[in-house]
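Visitor: Each residue of the sequence shown is one higher than the last, beginning at 159 in this note's numbering.
Heads up, the beta-carbon is just placed ideally off N, CA and C, and yes, glycines get one too.
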Amino acid sequence: MSDSEHLAWLQDWYAQQCDGDWEHEWGVKIATLDNPGWTVTIDLEETDLEGHEYPRQDVNRSTQDWVWAWTAEKTFHAACGPGNLTEALGIFRTWATTIAP
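1. Could you please give the first and the last residue of the uninterrupted alpha helix (DSSP H) stretch that includes H235?
2. What alpha helix (DSSP H) runs, 4 residues minimum, are completely inside the stretch 173–225?
3. Relative to the alpha-carbon of I257, which residue among D206, D170 and Q169 has its alpha-carbon at the smallest distance?
4. Check the DSSP bridge columns for T229 and list the partner residues they point to.
5. Using a Cβ-Cβ cut-off of 7 Å (strictly less than) and excluding sequence neighbours within five positions of P194, which residues of its own chain qualify?
6. Taking E208 as the reference, which of R214, L191 and A230 has the closest Cα?
7. I need the DSSP call for G248, collapsed to helix, strand or coil.
8. Apart from the five residues just before and just after E203, which ones in its own chain have a Cβ nearer than 6 Å to its Cβ?
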């Protein structure tokens, strides 16, 4: 899958969660890290993914090429290197579509 497909899928997933209430309390956050890298936080509260666990996965290829992903407290978390944002989004997509196709 292309990098842009992961982002397009995430946009669609987010839009499906928006019901007039969910988006006022929950959401998706993508931010930068100072090491450098990215962080992704996706609220799972009141979604089909709530209550499902993604066991922590750490992939460390180098100081610039890494991705970590896990769930905790009804939230999907990912942190990754500066060139791994779409890989992190792909991990969420693969997990989410396995849980709620």
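Guide: On the basis of the supplied data:
1. By one-based count along the sequence shown, residue 235 stands at place 77. First-last for H235: T233 to C238, but that is the beta strand (DSSP E), not the alpha helix (DSSP H).
2. 180–183
3. Reading the sequence shown from its first residue, position 99 is the one you call residue 257. Closest option to I257, Cα to Cα, is D206.
4. The residue given as residue 229 occupies position 71 in the sequence shown. Answer by DSSP bridge pairing, in chain order: F234.
5. Position 36 of the sequence shown, counted from the start, is the residue given in the question as residue 194. Within the same chain, P194 has close Cβ partners P240.
6. What you label residue 208 is simply residue 50 of the sequence shown in a count that begins at 1. Ranking R214, L191 and A230 by Cα distance to E208 puts A230 first.
7. The residue given as residue 248 occupies position 90 in the sequence shown. Here G248 sits in helix by DSSP.
8. Taking the first residue of the sequence shown as position 1, residue 203 is located at position 45. Excluding residues within five positions, the ones whose Cβ falls inside 6 Å are W184 and K232.
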